[in-house]
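Following: one structure in structure tokens, then a few remarks.
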Amino acid sequence: MEAMKRFVVALLLVVGLTGLATAEPDGLARALDRQQQDMQRQQSQVQQTTEAQRQQLQQQQDQALRLQLLQPPRPLSCTKVGSTVFCQ
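Sequential numbering from 1081 applies to the sequence shown in my numbering.
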């Protein structure tokens, strides 16, 4: 969500810079270069954030699994209904 907000802000800035760039020679090319750099920077930030979230989720899953493995097993309870046995 944060990355999307940054992207919109960058896009608005580029649109504004493009208007200014037409008033000077080579300004449009510089504005486009800045836009490309901004987009690359944002993409890198999104990738870093995504990787950090992935690592955090992996750690949480590992902790949950460790807790499950440390708990004593629950006794198996079975119930016979007619000729069928149901176990939990």
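Glycine included, every Cβ here is placed at the ideal spot set by N, Cα and C.
Paired residues, beta bridge with residue i - DSSP
{"i": "F1166", "result": "T1159"}
Alpha helix (DSSP H) segment containing residue i, residue limits
{"i": "R1114", "result": "1107-1150"}
Alpha-carbon to alpha-carbon, residue j and residue i
{"i": "L1093", "j": "G1107", "result": "14 Å"}
{"i": "Q1125", "j": "Q1117", "result": "12 Å"}
{"i": "L1145", "j": "R1154", "result": "16 Å"}
{"i": "R1086", "j": "Q1138", "result": "27 Å"}
{"i": "R1114", "j": "D1142", "result": "42 Å"}
{"i": "M1081", "j": "A1111", "result": "25 Å"}
{"i": "Q1181", "j": "Q1140", "result": "A query on residue 1181 cannot be resolved here, the shown segment of the chain reaching from 1081 to 1168 and no further."}
{"i": "M1119", "j": "T1129", "result": "15 Å"}
{"i": "T1159", "j": "Q1168", "result": "9 Å"}
{"i": "Q1133", "j": "F1166", "result": "40 Å"}
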